[in-house]
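**Q** There's a structure below that I have some questions on.
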């Protein structure tokens, strides 16, 4: 990873522009929210990514590529109480190696559409739904609501139109979520799911969005599982030195048989030399039967639609990051701690008191963000949005 | 002069057209005079030549000088290419048979008329033999192999030779043969069936043919446990959840793929446990859920009407275990097994069905209904449309939520296994339900399936560290007291599994089977019920993907276990477990 970071960003030539960047976060996490009423600490390299962005035809065509090497650094996931998805529980699953591979025409008609801006994008990447990927936000720890608030690593084709402060995007994609870090979308399912997102920027610095997605059988790759109806509403403030983010999400599974909510608020302040940040989250998640091989994993492929219950996770995270390295390789040591509460919602046999031996606990994570080249882009959007800061320059990210 | 020239041309043309009088358009009457319907061995020349008489089609007078063309039309071999009729209108040909046994045909053609000679080519003397079926089987010790050993005896051309004596001898193991010698049938095949040595290990049988050199040796292995017979792949629409076997028909509950009906020994389509044959299929209605979600089934044999018309299918929709569930009972008309059709459904608001039991003489379907407890439904007469009004009674039980997995009628009581409150004895008076005993008797784990036999009940548990942090799952043994109430007697702990997912006792009450999943000890487990209070382990068949459900069925005098293997690689596993049923 460091070898990659020694390169130079912003290479260009011959009418084609290109820029690259890379990031990795060696980190240690300790928590007492662990199945079996115990404590566990782990050191891992998380969020190791390499990015390549290229432009051609005077910017009429852009390429967005992101490789995520978690397949190699966290094949068994990242210790993260409350996180779940893709058969992982209380561990964040590793993302797929090809995280993004998108071609974007950000201004399809040039001047022909006058004040209107029509754009299209296609490839493997983010669906225009919900909020930015947590990897491009200040808190290192992933929120519990990752699977309610983002849809990613899909074969997606999107069309967008921007008129003044409003941008409307629509997309078709495959509903199946990845089943392993090496998995590709199930191509014959492309188009079985769709999403739409309306983004409005009332004034510079503030971005609001509302989005809806229908996702067919996300957790059963052949398509036999229940469908999700997803709604996300959020507001994002990004104006130096402040960053703020507030979101609400609702996920209805199997025509309302299971409904999950999430509320999340986070903020950061960029001060000379360091950047404190905070996040509050309250998110509900399904509880599924763990497998014998690991109490951090659930059964895949799914072959039943029952769950053991629903839990609500309240997580308050405080952290601070310090800039200590500047130059080709940027470094930002950080420490963040989370208070975690778990509550049962409704019925079901899952009891956190039995499973974890507690309903409250904590986690602490420290490490260092290492980065080179360009800054992390806003993962989840393929059209630069005027009036907002589209990279992470306002955030405590090196 | 011109007129004369034209007349001459017509005469010349007529002469050229007729030639020897056998032009292609000329019609004759052909009569077989000799040589037809002879029988000889393949490759031989028939002793009597083919003889045909050619006569004028109008006058019936014999025609001399007519060329007869001969041609083989079936069976190969050769025949004289052509011959010319003599003064009596007779033409002859020599026929040599081909090398393939069977009917041989040759045509004789004169002008536009032809006639067919037939002959029968018999196989020659036996010159070779080889194994044709049954080799390298694995079977249960002390029991006959399911497939007989068979040899095929042939002549020099590979034709099967009938009525050849094959001698059989056991050369390894202490097994026995159904016959020590047997004659080949019309297909050239001779057979014998080996009953394996009572001890596990290799068995061998030799086959020899009098007058022929060489020996063919068949091998077989005797094992004491279950014998794998077949893995029948099922589409991975969540795979296979359960199977109901009756009268040699298997009803596979394959989730959104619906119900698949296989002949596994019924005979209607030539199927067997080793070679299931698909008979029909139906995708039951989703009734507002994700899909058919076909989970379990019961083929109703109505002793009152003598009909076998209805298949009841349980739909397992989304649910939160312990509190909510969904899914209806679907009624499928299987009068035409090749074209089953859904005709009715039963819906219970706020709850979904799970396993069934039927009181067939009284035409009452008992359904475990998860958070709604147990339903008793009148299924007499014709079933059509929404049959929810046929509910006789329902019963929830336990201090907390009911979440009932399974029911079984036994000795007039209905036994119910409830996930959260254990094993219950319920009273039923033609479907009117009441609580009679049991319950509140399993708090360490969640209960799963049950089976009652021999005055004992056997129930499973599931839960990997979920309820009280305990590892492994249990097979619990209960004794039914004087009133039929279950009293905990013993238990068998199965380590390294997340669930004992299905429990059943063989029809003769001698063999207990349960399936396990979610762990390295997943598969089929078998226990002898020689002492029904203390089952004794006799065998297992492990399947790493897990076995969700399992059931017994006796087919052709043998006892088979059928099990639903979980995805990936969803399939119905079929085992021969006859040897353990004693």
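Protein chains in written order, with my numbering: chain R, 12 to 409; chain P, -15 to 566. Note that CB positions come from ideal geometry on N, CA and C, so glycine has one too.
#1: Any idea what DSSP makes of residue 83 of chain R, helix, strand or coil?
#2: Is the separation between the beta-carbon of residue 518 of chain P and that of residue 565 of chain P shorter than 8 angstroms?
#3: Could you give the DSSP three-state label for residue 245 of chain R: helix, strand or coil?
#4: With distances taken Cα to Cα, identify the nearest neighbour of residue 16 of chain P among P/37, P/248, P/24 and P/222.
#5: Leaving out five residues on either side along the sequence, give the residues of the same chain with a beta carbon under 7 angstroms from the beta carbon of residue 78 of chain R.
#6: Using three-state DSSP, classify residue 363 of chain R as helix, strand or coil.
#7: Looking at the secondary structure, which residues open and close the beta strand (DSSP E) in which residue 195 of chain R lies?
#8: Is it right to say residue 113 of chain R is buried, meaning 16 or more other beta carbons lie within 10 angstroms of its own, or is it exposed?
#9: Report the start-end ranges of each beta strand (DSSP E) in the segment 141 to 208 of chain R that is 3 residues or longer and not cut off at the edges.
#10: Could you tell me whether the Cβ of residue 245 of chain P comes closer than 8 angstroms to any Cβ of chain R?
#11: Are residue 557 of chain P and residue 547 of chain P touching if we call contact CB-CB under 8 angstroms?
#12: So, for residue 436 of chain P: in the same chain, excluding its five sequence neighbours on each side, which residues have a beta-carbon less than 6 angstroms away from its beta-carbon?
#13: Tell me the residue span of the beta strand (DSSP E) that contains residue 24 of chain P.
#14: Would residue 477 of chain P count as contacting chain R if we go by Cβ distances under 8 angstroms?
#15: So which of R/55, R/277 and R/254 has the shortest CA-CA distance to residue 88 of chain R?
#16: Shortest alpha-carbon distance to residue 466 of chain P belongs to which of P/334, P/195 and P/421?
#17: For the putative contact between residue 339 of chain P and residue 389 of chain P, defined by C-beta atoms under 8 angstroms, what is the C-beta separation to the nearest angstrom?
#18: Is there contact between the segment 268 to 280 of chain P and the segment 234 to 241 of chain P, where contact requires at least three CB pairs shorter than 8 angstroms?
#19: Using beta carbons (cut-off 8 angstroms, strictly below), is residue 224 of chain R in contact with chain P?
#20: By a C-beta neighbour count over all protein chains shown, 10 Å radius and 16 as the cutoff for buried, is residue 140 of chain R buried or exposed?
#21: Determine the direct distance from the alpha carbon of residue 139 of chain P to that of residue 59 of chain P, and round the result to whole angstroms.
#22: So which residues of chain R does residue 577 of chain P contact, with C-beta pairs closer than 7 angstroms?
#23: Under a Cβ-count criterion, where at least 16 other Cβ atoms within 10 Å of its own Cβ denotes burial, should residue 403 of chain P be classed as buried or exposed?
#24: Quick check on residue 274 of chain R - is its C-beta less than 8 angstroms from some C-beta in chain P?
#25: Is there contact here, the segment 343 to 355 of chain R with the segment 308 to 319 of chain R, by at least three beta-carbon pairs under 8 angstroms?
#26: Can you pull the DSSP bridge partners for residue 32 of chain R?
#27: For residue 451 of chain P, go through chain R and note every residue whose CB falls closer than 8 angstroms to its CB, in chain order.
#28: In the DSSP assignment, find the unbroken beta strand (DSSP E) run with residue 187 of chain P in it and report its ends.
#29: Report all residues from its chain with a CB closer than 8 angstroms to the CB of residue 145 of chain P; omit the five preceding and five following residues, and keep chain order.
#30: List the residues of chain R whose Cβ lies closer than 8 angstroms to the Cβ of residue 304 of chain P, in chain order.
#31: So what does DSSP say about residue 320 of chain P, is it helix, strand or coil?
#32: Could you tell me which of R/194, R/159 and R/358 sits nearest to residue 166 of chain R, measuring between CA atoms?
#33: Quick check on residue 17 of chain P: does DSSP put it in helix, strand or coil?
#34: Is the beta carbon of residue 124 of chain P sitting closer than 8 angstroms to the one on residue 153 of chain P?
#35: Considering only C-alpha positions, which residue in the set P/100, P/42 and P/62 is nearest to residue 20 of chain P?
#36: Under a CB-based cut-off of 8 angstroms, is residue 430 of chain P close to chain R?
**A** This is what the structure gives:
#1: Helix.
#2: No; because the gap between Cβ atoms is not below 8 angstroms, this pair is not in contact.
#3: Strand at residue 245 of chain R.
#4: The shortest Cα separation from residue 16 of chain P among P/37, P/248, P/24 and P/222 belongs to P/37.
#5: Hits under 7 angstroms: 60, 61, 108, 109 and 110.
#6: Reduced to three states, the DSSP call for residue 363 of chain R is helix.
#7: Careful: residue 195 of chain R lies outside any beta strand (DSSP E) and carries neither H nor E.
#8: Under this definition residue 113 of chain R is a buried residue.
#9: Assignment of beta strand (DSSP E) within the segment 141 to 208 of chain R, counting only whole runs of 3 or more residues, yields 165 to 174 and 177 to 184 in chain order.
#10: At a cut-off of 8 angstroms between C-beta atoms, residue 245 of chain P does not count as an interface residue with respect to chain R.
#11: Cβ distance < 8 angstroms, so residue 557 of chain P and residue 547 of chain P count as in contact.
#12: The residues are 392, 394 and 399.
#13: That run of the beta strand (DSSP E) goes 22 to 25.
#14: At least 8 angstroms separates the CB of residue 477 of chain P from every CB of chain R.
#15: Ranking R/55, R/277 and R/254 by Cα distance to residue 88 of chain R puts R/55 first.
#16: The residue with the shortest Cα to Cα distance from residue 466 of chain P is P/421.
#17: That belief holds up - the Cβ atoms of residue 339 of chain P and residue 389 of chain P are roughly 6 angstroms apart, short of 8 angstroms.
#18: As far as the Cβ criterion goes, the segment 268 to 280 of chain P touches the segment 234 to 241 of chain P, which means the pair count is three or higher.
#19: Cβ-Cβ to chain P under 8 angstroms: no for residue 224 of chain R.
#20: Flag for residue 140 of chain R reads buried.
#21: The C-alpha of residue 59 of chain P lies about 16 angstroms from the C-alpha of residue 139 of chain P.
#22: The structure shown does not extend to residue 577 of chain P, since chain P is modelled only from -15 to 566, so the question has no answer here.
#23: Label assigned to residue 403 of chain P: buried.
#24: Under the 8 angstroms criterion on CB atoms, residue 274 of chain R is classed as non-interfacial with respect to chain P.
#25: Result no; under three Cβ-Cβ pairs closer than 8 angstroms.
#26: Bridge pairing for residue 32 of chain R: R/62 and R/384 [DSSP].
#27: Close to residue 451 of chain P, with beta-carbon spacing below 8 angstroms, are these residues of chain R in chain order: 360, 362 and 365.
#28: That run of the beta strand (DSSP E) goes 185 to 193.
#29: If the five residues before and after residue 145 of chain P are omitted, its C-beta is found closer than 8 angstroms to the C-beta atoms of 107, 108, 109, 110, 137, 138, 139, 168 and 172, all from its own chain and listed in chain order.
#30: Within 8 angstroms Cβ-Cβ: 269, 317, 318, 319, 320, 321, 357, 358 and 359.
#31: Coil, per DSSP.
#32: Residue R/194 is the option with its Cα nearest to residue 166 of chain R.
#33: It is a strand residue.
#34: The answer is no: Cβ separation not under 8 angstroms.
#35: Ranking P/100, P/42 and P/62 by Cα distance to residue 20 of chain P puts P/100 first.
#36: Between residue 430 of chain P and chain R, the shortest Cβ-Cβ separation is below 8 angstroms.
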